[in-house]
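Working notes, structure below.
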Amino acid sequence: MKLVLASAEDPAAKNIAMQMLKDYDFKKSPSLTNAYVYGNVTLMVISGEVTQITELPIDAEEVIVASRHASESGTPTLTVHVPGEVEKMRLAEASPSTVKTALRTLVEMRDKFGLIYDVSLEATHHGPTRIDVPVTFVEIGSSSKQWHDKKAGAAVAHAIMVAATLPMKCRHAIGLGGPHYAPHHTNVALFTDIGVGHVLPKYVNIDEMLIERAFVRTRGGVELLALDWKGMNSEQRQISQRVADRLGIQVVRTRKILSGAKV
Numbered sequence: 000m001k002l003v004l005a006s007a008e009d010p011a012a013k014n015i016a017m018q019m020l021k022d023y024d025f026k027k028s029p030s031l032t033n034a035y036v037y038g039n040v041t042l043m044v045i046s047g048e049v050t051q052i053t054e055l056p057i058d059a060e061e062v063i064v065a066s067r068h069a070s071e072s073g074t075p076t077l078t079v080h081v082p083g084e085v086e087k088m089r090l091a092e093a094s095p096s097t098v099k100t101a102l103r104t105l106v107e108m109r110d111k112f113g114l115i116y117d118v119s120l121e122a123t124h125h126g127p128t129r130i131d132v133p134v135t136f137v138e139i140g141s142s143s144k145q146w147h148d149k150k151a152g153a154a155v156a157h158a159i160m161v162a163a164t165l166p167m168k169c170r171h172a173i174g175l176g177g178p179h180y181a182p183h184h185t186n187v188a189l190f191t192d193i194g195v196g197h198v199l200p201k202y203v204n205i206d207e208m209l210i211e212r213a214f215v216r217t218r219g220g221v222e223l224l225a226l227d228w229k230g231m232n233s234e235q236r237q238i239s240q241r242v243a244d245r246l247g248i249q250v251v252r253t254r255k256i257l258s259g260a261k262v
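Residue numbers (numbering that gives the first Met the number 0): 0 to 262.
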């Protein structure tokens, strides 16, 4: 069962949940509070922030979180990311397939609805990290105006449902380097056969233990490390190569992936 979580205290999450109930034939659960069921998908509205939970309210094989995204710029943005407290080496489990499917569907729905929003993969950040199934956040940002935008809510609702029911098959990568909004890794996920789960940006301490942790915390294995080459320093590049050699996986520059060259 795929579990979609929405916080009752999060206006964007409530907007998305309402659109899911409006656009899909969910039925109220006879046994769970504030829960609705559609096939293999259960939507639950919970109290408190999802980022703080340490266990799931019910057993699930995967979690997708409907959420708000906030930024100082206030730029209208639809985002997808895997959670993780990188500085504490606590990473949630990633599903690159879910991330890729949600991201691509957001672009499709943005264009269908004529939304003036950016769509972006974000670097790994915040909790929850103590859940032993894949967790993916799909978000509306970046201010109150967007959190209450019903068309944006419908776009995210559909992206969540497609990701939960029709995840794309893809090759799995960890994204390394670049800024928080990861433009090169976003394009890899959107325009190639590769899905990116965890993204560890240049501004964090990319060391061997962190990359290995991301490798372990990726469902279905990892085939390659996708490096934003110019968005890394030489030490980070060398560390990435050493880890890849030890794990028996490829190191490939995002620029090469996006050029269409065989990797």
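We put the beta carbon where it would ideally sit given N, CA and C, even for glycine.
Please report the residue range of the beta strand (DSSP E) in which residue i lies.
{"i": "Ile-63", "result": "61–69"}
{"i": "Gly-263", "result": "Residue 263 lies beyond the range of the chain shown here (0 to 262); nothing can be said about it."}
{"i": "Lys-1", "result": "1–6"}
{"i": "Gln-249", "result": "249–252"}
{"i": "Ser-141", "result": "134–141"}
{"i": "Thr-76", "result": "76–80"}
Looking at residue i: is its Cβ nearer than 8 Å to the Cβ of residue j?
{"i": "Gly-174", "j": "Gly-230", "result": "no"}
{"i": "Leu-102", "j": "Leu-4", "result": "no"}
{"i": "Val-309", "j": "Ala-260", "result": "For the chain, the structure presents residues 0 to 262; residue 309 sits outside this window and is missing."}
{"i": "Asp-192", "j": "Arg-170", "result": "yes"}
{"i": "Asn-33", "j": "Met-17", "result": "no"}
In whole angstroms, what is the alpha-carbon distance linking residue i and residue j?
{"i": "Ser-239", "j": "Leu-224", "result": "8 Å"}
{"i": "Val-262", "j": "Lys-26", "result": "45 Å"}
{"i": "Arg-216", "j": "Ala-154", "result": "28 Å"}
{"i": "Glu-211", "j": "Gly-83", "result": "14 Å"}
{"i": "Glu-71", "j": "Gly-140", "result": "10 Å"}
{"i": "Asp-206", "j": "Gln-235", "result": "7 Å"}
{"i": "Ala-172", "j": "Leu-209", "result": "15 Å"}
{"i": "Gly-152", "j": "Arg-245", "result": "43 Å"}
{"i": "Lys-1", "j": "Ile-57", "result": "10 Å"}
{"i": "Trp-228", "j": "Gln-145", "result": "33 Å"}
{"i": "Glu-8", "j": "Pro-166", "result": "28 Å"}
Report the option in the options whose CA atom is closest to the CA atom of residue i.
{"i": "Thr-100", "options": "Arg-245, Gly-196, Gly-219 and Leu-246", "result": "Gly-196"}
{"i": "Pro-127", "options": "Tyr-35, Lys-168, Val-85 and Gly-140", "result": "Val-85"}
{"i": "Gly-247", "options": "Glu-234, Asn-232 and Glu-222", "result": "Glu-222"}
{"i": "Ala-181", "options": "Leu-226, Gly-220 and Tyr-23", "result": "Leu-226"}
{"i": "Lys-149", "options": "Ile-15, Lys-255 and Tyr-23", "result": "Ile-15"}
{"i": "Arg-254", "options": "Gly-47, Pro-56, Ala-34 and His-183", "result": "His-183"}
{"i": "Pro-75", "options": "Val-203, Thr-191 and Ala-11", "result": "Ala-11"}
{"i": "His-124", "options": "Ser-142, Ser-143, Gly-113 and Lys-87", "result": "Lys-87"}
{"i": "Asn-39", "options": "Thr-53, Gly-73, Thr-164 and Pro-200", "result": "Thr-164"}
In the DSSP assignment, the alpha helix (DSSP H) including residue i goes from what residue to what residue?
{"i": "Ile-238", "result": "233–246"}
{"i": "Asp-110", "result": "95–112"}
{"i": "Asp-117", "result": "Premise fails: Asp-117 lies in the beta strand (DSSP E), 117–120, not in any alpha helix (DSSP H)."}
{"i": "Ile-159", "result": "149–164"}
Can residue i be considered in contact with the ligand GTP, in the sense that its beta carbon sits closer than 7 Å to one or more heavy atoms?
{"i": "Val-203", "result": "With respect to small molecules bound, the structure shown includes none, and the ligand GTP cannot be examined in it."}
(request) Would you check if there are 3 or more beta carbon pairs closer than 8 Å linking the segment 132–143 to the segment 86–94? (result) yes
(request) Would you be able to state if there are at least three C-beta pairs under 8 Å between the segment 63–70 and the segment 103–110? (result) no
(message) Does the structure place the segment 70–79 close enough to the segment 113–121 that three or more beta carbon pairs sit under 8 Å?
(response) yes
(request) Could you tell me whether the segment 155–162 touches the segment 7–23, where touching means 3 or more Cβ pairs closer than 8 Å? (result) yes
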